[in-house]
Amino acid sequence: MALTIPQAIKKLLINEPFYGLFLLSIDKYFDDSIETACVRRKGINTELAINYQF
Numbered sequence: 052m053a054l055t056i057p058q059a060i061k062k063l064l065i066n067e068p069f070y071g072l073f074l075l076s077i078d079k080y081f082d083d084s085i086e087t088a089c090v091r092r093k094g095i096n097t098e099l100a101i102n103y104q105f
């Protein structure tokens, strides 16, 4: 069974708090123009782009 994004973040917060907090602090959105997922810079911030099909 695949986890949803919020479920995966919650599980990561419990098991690996550092990475869970990092994931909470960046903007997340879906983008079909990338193959899987990526973290990129947007101005002075970072954002997580996720391909919904992935």
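All residue numbers for the sequence shown refer to the numbering used here, where the first residue is 52 and numbers rise by one. Each residue gets a CB set at the ideal place from its N, CA and C atoms; glycine is no exception.
Next item on the list: Name the two residues that bound the continuous alpha helix (DSSP H) containing residue 70.
Entry: Counting from one through the sequence shown, the residue named residue 70 turns up at place 19. Looking at the DSSP string, the run of the alpha helix (DSSP H) that includes residue 70 is 68 to 76.
Notebook entry, point to check: Got a sec? Which residues, its chain only, sit under 7 Å from residue 73 by beta carbon, not counting five neighbours each side?
Noted result: Taking the first residue of the sequence shown as position 1, residue 73 is located at position 22. Cβ neighbours of residue 73 beyond the five flanking positions: none.
Margin query: Distance check for residue 76 and residue 62, CA to CA, integer angstroms please.
Written below: Taking the first residue of the sequence shown as 1, we reach residue 62 at position 11. Taking the first residue of the sequence shown as 1, we reach residue 76 at position 25. Across the structure, residue 62 and residue 76 are spaced so that their CA atoms are roughly 16 Å apart.
Item checked: Residue closest to residue 96, alpha-carbon to alpha-carbon, out of 54, 68, 78, 53 -> As a first step, residue 96 is located in the sequence shown; it is residue number 45 there, counting from the start. Among 54, 68, 78, 53, the Cα nearest to that of residue 96 belongs to 78.
Check: So the beta strand (DSSP E) residue 98 belongs to, where does it begin and stop?
Finding: Translated into the one-based positions of the sequence shown, residue 98 becomes position 47. Run containing residue 98: 96 to 101, per the beta strand (DSSP E) assignment.
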